[in-house]
Amino acid sequence: MTETVTWTCTGCALLCEDIQVSIGDNRIEQVEHACIKGRARILGCNEKAIPTVNGVNAKIDDAIKDAARILMEAKNPLLYGWSNSTNEAQMAGIELARTLGCVIDSTSSFCQGITINEILNGTIPTCTLDEVREKADVMVFWGADPMSSHPRHMSKYSYFPRGELRQRGYEDDRTAISIDVWQSRTAKICKNGFHRIPPGKDIEFMRGLIDALSGRVPKLSFDYDVKRILELAATLKKAEFGVIFAGLGLVYSIKEDIALLSEFMSALNQFCSFSLIPMAGHFNMRGFNHNLHEKTGHIYRVKFDDGGAISGVKYSVIEQIKSGADAVLVVGSDPIASLPVSISRRLKDIPIILIDPCMNLTSQVADVTIPCSTSGIEVGGTAVRMDGKNMDITSLVQGDNMSDEMIIRRIIEEVE
Amino acid sequence: MTSAMEIYQLLPKTNCKECGESTCMAFDVALLSGTKRFTECPPLMNEDKYSDSKQKLEEILKPLEGAEETGLIIHEELCSGCGNCVVACPVNVANDSHGSGRGLGPTNNKVIFRVVDGKVKAANVKECRRFGKDKILCRACIDPCPTEAIEFV
Ligand code: SF4
Ligand code: SF4
Ligand code: SF4
Ligand code: SF4
Numbered sequence: 033m034t035e036t037v038t039w040t041c042t043g044c045a046l047l048c049e050d051i052q053v054s055i056g057d058n059r060i061e062q063v064e065h066a067c068i069k070g071r072a073r074i075l076g077c078n079e080k081a082i083p084t085v086n087g088v089n090a091k092i093d094d095a096i097k098d099a100a101r102i103l104m105e106a107k108n109p110l111l112y113g114w115s116n117s118t119n120e121a122q123m124a125g126i127e128l129a130r131t132l133g134c135v136i137d138s139t140s141s142f143c144q145g146i147t148i149n150e151i152l153n154g155t156i157p158t159c160t161l162d163e164v165r166e167k168a169d170v171m172v173f174w175g176a177d178p179m180s181s182h183p184r185h186m187s188k189y190s191y192f193p194r195g196e197l198r199q200r201g202y203e204d205d206r207t208a209i210s211i212d213v214w215q216s217r218t219a220k221i222c223k224n225g226f227h228r229i230p231p232g233k234d235i236e237f238m239r240g241l242i243d244a245l246s247g248r249v250p251k252l253s254f255d256y257d258v259k260r261i262l263e264l265a266a267t268l269k270k271a272e273f274g275v276i277f278a279g280l281g282l283v284y285s286i287k288e289d290i291a292l293l294s295e296f297m298s299a300l301n302q303f304c305s306f307s308l309i310p311m312a313g314h315f316n317m318r319g320f321n322h323n324l325h326e327k328t329g330h331i332y333r334v335k336f337d338d339g340g341a342i343s344g345v346k347y348s349v350i351e352q353i354k355s356g357a358d359a360v361l362v363v364g365s366d367p368i369a370s371l372p373v374s375i376s377r378r379l380k381d382i383p384i385i386l387i388d389p390c391m392n393l394t395s396q397v398a399d400v401t402i403p404c405s406t407s408g409i410e411v412g413g414t415a416v417r418m419d420g421k422n423m424d425i426t427s428l429v430q431g432d433n434m435s436d437e438m439i440i441r442r443i444i445e446e447v448e
Numbered sequence: 006m007t008s009a010m011e012i013y014q015l016l017p018k019t020n021c022k023e024c025g026e027s028t029c030m031a032f033d034v035a036l037l038s039g040t041k042r043f044t045e046c047p048p049l050m051n052e053d054k055y056s057d058s059k060q061k062l063e064e065i066l067k068p069l070e071g072a073e074e075t076g077l078i079i080h081e082e083l084c085s086g087c088g089n090c091v092v093a094c095p096v097n098v099a100n101d102s103h104g105s106g107r108g109l110g111p112t113n114n115k116v117i118f119r120v121v122d123g124k125v126k127a128a129n130v131k132e133c134r135r136f137g138k139d140k141i142l143c144r145a146c147i148d149p150c151p152t153e154a155i156e157f158v
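Chains as they are written, first to last, in the numbering used here: chain A, 33 to 448; chain B, 6 to 158.
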């Protein structure tokens, strides 16, 4: 018998909650409204992970015991990943770090962490995606290409839908702007609202915009039509409800000077109302920052020590792998594939424990692999959407594996 | 969109008349208007030296054969299921204002576009604003598409 259920998609941090899934016989038959990325999430792994110890097949209980042994024997273990896990699994991970007195960090460490930090500390104003749909009239995609990374972003929230104050939808009521180093899919939709800047010039362009906002003529080291910046500043100033979607392109450029981003937001808010939403990628990247913040006051790069928790660059995943970590627990991530080669090369020499539903590059070198169920498909829980809203995640089918949360709780029992 | 010239270049260009048209050029026009199918050119079908051209023609003309009577073609292989067309099409908005009109997946069957298994599907195409007595040259599904997956022929 086939039944249709409403599902929240964990394909990206947009967490679309209107997906209709038909299920018969514990199998997914059809998916409506999910984009191609969400559909891929539902289809699952190319190849499922299996429990291994030292590269050979093992019983799951032995893999868990061996993982605990490695973590206990290490002087300085690192717990890393977390963006593809529910809040519940992340909380268990934080508890494990506290129990071991070790370092915990997430993929947000070299991603949206810095913007989320500013938001949680109240230095950058933010809003929800629902507010964007109902009210936003000017949206700026800066170094962001949602049409590729979050396919339903523009249709569900930021540009195309009719909202309470935007009854005529995108044609008359909304202005989309893209600031980027290349003409992305999103930039194409923005048409004349696309501003192409040279790579690495985001900071300078932002300074130029701050000048233009306050009526000064911006000076730029690169060739750019000053009139266009002035026009852009005028468009931003007129916004009734503006929102900046900060993509990785912006975050990478501005990470050395995050204060400038707050300054830019303050400059905008002297004239109009502007918020910022970080374009978090993995479905619960932001959740990790919220959960760790709640427990320790820090959003990432934390070391538990003598009952306390300290945070600093030296506790970032990159610095820890460079020097320090002598065992790494990876949960729901593929660092061998995603970290810079110089770092992943080092990582290969450190004992790795991988908890993941799928085989990936990291599982090729992991000392211990523990397969877990896929969050939001085989196990439910809660997660934090890119705008900070808490969302319920439901499971669709029964899987063969334990959840990552269960596995971590078992490891905690072993190490205690 | 493929031009008539591109198609012509793939035909044998011998004007042998076996297809019943007086020239390959005339056959090309017949292909475009849909009165002939490319399989009706015997040399193209039977002679090995045209096998590459035959394969290319197949690729080019297949979507055309799938065109709705209204001329709407969706290139599924390009579609990312983003839903921009779903939310932008005025027929979707009028017939499902609380669903598609507000950015959600369609909540009834009166819409033209909906995304199924990650790809857009069209239905009720006769309601498209490009047809009927008050027709307009609507582009509300074409322009918002990030991948040029929708066209009208
Ligand atoms: S946009 Fe993201 S959350 Fe929404 S359906 Fe696509 S992958 Fe899933
Ligand atoms: S049968 Fe083929 S080669 Fe001959 S005239 Fe027609 S199109 Fe040209
Ligand atoms: S042309 Fe206009 S009315 Fe017709 S399907 Fe496209 S958006 Fe809808
Ligand atoms: S706008 Fe284009 S890519 Fe998006 S769902 Fe429609 S056809 Fe597919």
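Cβ atoms here follow ideal geometry from the backbone N, Cα and C, with glycine treated the same way.
Would you report the Cα separation of residue i and residue j, rounded to the nearest angstrom?
i, j, result
"valine 121 of chain B", "alanine 72 of chain A", "13 Å"
"serine 376 of chain A", "aspartate 57 of chain B", "45 Å"
"glycine 232 of chain A", "alanine 278 of chain A", "15 Å"
"alanine 129 of chain A", "cysteine 304 of chain A", "43 Å"
"phenylalanine 173 of chain A", "phenylalanine 226 of chain A", "9 Å"
"isoleucine 68 of chain A", "cysteine 41 of chain A", "11 Å"
"leucine 308 of chain A", "isoleucine 148 of chain A", "10 Å"
"glutamate 163 of chain A", "histidine 80 of chain B", "34 Å"
"arginine 194 of chain A", "leucine 66 of chain B", "37 Å"
"cysteine 21 of chain B", "lysine 80 of chain A", "58 Å"
"glycine 420 of chain A", "isoleucine 155 of chain B", "34 Å"
"lysine 259 of chain A", "alanine 244 of chain A", "10 Å"
"methionine 434 of chain A", "alanine 99 of chain A", "15 Å"
"glycine 431 of chain A", "leucine 15 of chain B", "52 Å"
"glutamate 272 of chain A", "asparagine 301 of chain A", "11 Å"
"aspartate 366 of chain A", "isoleucine 96 of chain A", "19 Å"
"serine 355 of chain A", "glycine 108 of chain B", "48 Å"
Using the DSSP secondary-structure output, state which residues sit across from residue i in a beta bridge.
i, result
"histidine 227 of chain A", "A/Ile211"
"isoleucine 136 of chain A", "A/Leu111 and A/Val334"
"leucine 361 of chain A", "A/Leu111 and A/Ile385"
"leucine 77 of chain B", "B/Phe157"
"glutamine 52 of chain A", "A/Thr38 and A/Glu64"
"proline 310 of chain A", "A/Ala278"
"alanine 118 of chain B", "Note on residue identity: the sequence assigns phenylalanine, not alanine, to residue 118 of chain B. Beta-bridge pairing links phenylalanine 118 of chain B to B/Ala127."
For chain B, find out if any of its Cβ atoms is closer than 8 Å to the Cβ of residue i; answer yes or no.
i, result
"serine 210 of chain A", "no"
"aspartate 15 of chain A", "Because chain A in this structure spans residues 33 to 448, residue 15 of chain A falls outside the shown range and cannot be described."
"methionine 179 of chain A", "yes"
"serine 138 of chain A", "no"
"methionine 186 of chain A", "yes"
"glutamine 352 of chain A", "no"
"cysteine 41 of chain A", "no"
"isoleucine 221 of chain A", "yes"
"proline 231 of chain A", "no"
"phenylalanine 192 of chain A", "yes"
"proline 383 of chain A", "no"
"arginine 71 of chain A", "yes"
"proline 250 of chain A", "no"
"proline 183 of chain A", "yes"
Quick check: is the beta carbon of residue i nearer than 8 Å to any beta carbon in chain A?
i, result
"alanine 93 of chain B", "yes"
"cysteine 87 of chain B", "yes"
"glycine 123 of chain B", "yes"
"leucine 49 of chain B", "no"
"glycine 76 of chain B", "no"
"valine 98 of chain B", "yes"
"proline 149 of chain B", "yes"
Who are the neighbours of residue i on chain B, taking C-beta pairs under 9 Å?
i, result
"valine 373 of chain A", "Chain B residues near valine 373 of chain A: none, gap ~30 Å exceeds 9 Å."
"glutamine 396 of chain A", "Per Cβ cutoff of 9 Å: no residues; glutamine 396 of chain A is ~29 Å from chain B at best."
Is there a Cβ from chain C that is less than 8 Å from the Cβ of residue i?
i, result
"isoleucine 443 of chain A", "The chain inventory of the structure shown lacks chain C, comprising the protein chains A and B."
Taking Cβ-Cβ distances shorter than 7 Å, what residues in chain B pair up with residue i?
i, result
"lysine 167 of chain A", "Neighbours of lysine 167 of chain A on chain B: none; closest Cβ ~13 Å, over 7 Å."
Please list, in chain order, the chain A residues whose beta carbon lies closer than 8 Å to that of residue i.
i, result
"arginine 119 of chain B", "Glu64 and His65"
List the residues of chain B that residue i touches, going by C-beta distances under 8 Å, in chain order.
i, result
"tyrosine 189 of chain A", "Gly108"
"isoleucine 68 of chain A", "Cys84, Ser85, Gly86, Gly123 and Lys124"
"arginine 217 of chain A", "Pro151 and Thr152"
Quiz item: Is there contact here, the segment 331 to 345 of chain A with the segment 355 to 373 of chain A, by at least three beta-carbon pairs under 8 Å?
Solution: no
Self-check item: Beta carbon nearer than 6 Å to a non-hydrogen atom of ligand 5
Solution: With respect to ligand 5, the structure shown offers nothing to examine, as its ligands consist of ligand 1, ligand 2, ligand 3 and ligand 4.
Exercise. Please determine if the segment 83 to 99 of chain B and the segment 192 to 208 of chain A are in contact, where contact requires at least 3 C-beta pairs separated by less than 8 Å.
Key: yes
Quiz item: Does the segment 135 to 150 of chain B touch the segment 80 to 97 of chain A, meaning 3 or more C-beta pairs lie closer than 8 Å?
Solution: no
Quiz item: Counting pairs of Cβ atoms below 8 Å between the segment 110 to 127 of chain A and the segment 405 to 412 of chain A, do you hit three or more?
Solution: yes
Self-check item: At least 3 beta-carbon pairs within less than 8 Å: the segment 309 to 323 of chain A vs the segment 195 to 214 of chain A
Solution: no
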